[in-house]
Amino acid sequence: MSQYKIEAGTGQHIGDREDQQDRCALFAAPKAPGYMLAVVADGMGNQGALAAEQVINTAQQIFERFSPLTDTVEDILLSIAKEADTVIKLSAMSSAKKPHSTVVLLIITPQNSAIWAHVGDSRLYYFEGPNCVKRTTDHTYFEQLKAENKLDETKANDPLLVNLLVNVLGSSSDFTLATNRRDGLKIGDSFLLCSDGLWRYFNEAELGAAIAMNSPRKASEMLIAKARERAVNGKADNCTLAIIKLVKMPKEVKDYTAQKMRRAV
């Protein structure tokens, strides 16, 4: 069983957009004590907010049914993505607008493990102290060309390629869910889930330092404020993040009341 306490916090800012199309949430599993789920979804299109909301609702409903006696964490993550993808596609059938969404999911288990999955360019960072040891790879055309060794200097400097997603929920083509895990979690480890409206303004060292030196709530406030400061020309995207930190368990304070002292003698 885990020897740490989980501290978590979320933050959002609408940026310079007319509406907030990002969503995030933290959930506990009613049938699985000690398990927690973090979700960030970045909706796109004219009904992007609806798509992201459907991701969150789907995640909550499926996680509420989760039992480690009958389900694996990996199966739950895949079920969330599959069902959210279906719901978004059904919404698109009844509207001329075509909503899509990214998603990044993280489940922390009482066995000191973290399992995560993502679709799109919403990211997860895993830190040991201030040091980033793992990060998800964006599902963009840029990263696809990079993996295939087809990225020349011209393409590398093309902002359209950097932002062009090749894998999202709600698309006419099937999505691919990328998964990863980390066992042996310990005090000092932390996770950041965020939309591209946050990560594009920071390098890994900046993110790690902010999270390691502050509570999740304070770090969220600082990062959002700095992202707003660094945004230029009034074109800042929606900004959303969730931070999970593993910290020392509080020491038990013994209560030596008079009544308890009498019982002891």
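Everything in the sequence shown is counted per this note's numbering, starting at 200 for the first residue and increasing by one. Even for Gly, the Cβ is constructed at its ideal location relative to N, Cα and C. Predicted model only: the values in this text are computed from it and were never measured.
Query: Beta-carbon proximity list for aspartate 320, same chain, < 7 Å, skipping 5 on both sides; Result: Thr301, Asp337, His338, Thr339, Leu364, Asp395
Query: Residue nearest to leucine 376 in terms of C-alpha spacing, selected from Ile443, Thr335, Ile213, Ser312; Result: Thr335
Query: Cut-off 8 Å between Cβ atoms - residues of its own chain near proline 229, not counting five sequence neighbours on either side; Result: Glu263
Query: Nearest neighbour of tryptophan 315, chosen from Lys288, Lys349, Leu277 [CA to CA]; Result: Leu277
Query: Rounded Cβ spacing between isoleucine 442 and glycine 208 (contact assumed at less than 8 Å); Result: 5 Å
Query: Valine 367 burial status per 10 Å Cβ neighbour count (16 or more: buried); Result: buried
Query: C-beta atoms of leucine 249 and proline 298 nearer than 8 Å; Result: yes
Query: Three or more C-beta pairs below 8 Å linking the stretch 211 to 230 and the stretch 423 to 439; Result: yes
Query: 8 Å Cβ cutoff met for histidine 212 and isoleucine 410; Result: no
Query: First through last residue of the beta strand (DSSP E) which encompasses valine 465; Result: Residue 465 cannot be examined here, being either before or after the span of the chain that is shown, 200 to 464.
Query: Under the three-state DSSP convention, the category glutamate 347 falls into; Result: coil
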